[in-house]
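Asks:
Residue numbers (the numbering used here): 63 to 182.
1) Could you have a look at residue 118 and say whether DSSP puts it in helix, strand or coil?
2) Are there 16 or more other CB atoms within 10 angstroms of the CB of residue 100, so buried, or fewer, so exposed?
3) What are the boundary residues of the alpha helix (DSSP H) that includes residue 77?
4) Checking 7 Å against the spacing of the C-beta atoms, do residue 175 and residue 167 come in under that value?
5) On the three-state DSSP scale, how would you describe residue 126?
6) Considering residue 150, what are the terminal residues of the alpha helix (DSSP H) in which it resides?
7) Determine contact between the region 142 to 152 and the region 118 to 132, defined as no fewer than three beta-carbon pairs at a distance below 8 Å.
8) Can you tell me whether residue 135 is helix, strand or coil according to DSSP?
This is the structure:
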């Protein structure tokens, strides 16, 4: 919806509006999913040769970080997470649109679809 509004009310192209839309949506996504990402990192960085850390222990580590550092402890390192989310979301949508355009052009060339066709 953001991309559609930007495209209709500005001179920006599809790729730029997609990038702007991703930049708006990605921080929300990162804030919502960050606690799970922190658990994942804590569990991945525990000792491989020794005893692995349990989910409960990882949760306790997040709680400890929160108590010691506040929200900064929970959300540390997420600036790069937002950048990563913007890039991956933009690339995903560009790839999806590229495939959609390719299939549409193929079907138009083969006469399988016309501009006036209605999807069933």
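Note that the Cβ used here is the ideal one computed from N, Cα and C, for glycine as well.
The model shown is predicted, which means the values in this text are computed figures rather than measured ones.
Replies: The answer reads as follows:
1) Numbered from 1 along the chain shown, position 56 holds the residue referred to as residue 118. Residue state, collapsed to three classes: helix.
2) In the chain shown, residue 100 corresponds to position 38, counting from 1. Per the 10 Å Cβ criterion, buried.
3) The sequence position of residue 77 within the chain shown is 15, counting from 1. Run containing residue 77: 76 to 106, per the alpha helix (DSSP H) assignment.
4) Position 113 of the chain shown holds residue 175. Position 105 of the chain shown holds residue 167. Between residue 175 and residue 167, the C-beta gap is not smaller than 7 Å, which leaves the two residues out of contact.
5) Looking up residue 126 in the chain shown gives position 64. The answer is helix: DSSP assigns residue 126 an H, G or I state.
6) Along the chain shown, read from residue 1 onward, the residue named residue 150 stands at position 88. Residues 140 to 171.
7) no
8) By 1-based counting over the chain shown, the position of residue 135 is 73. Helix at residue 135.
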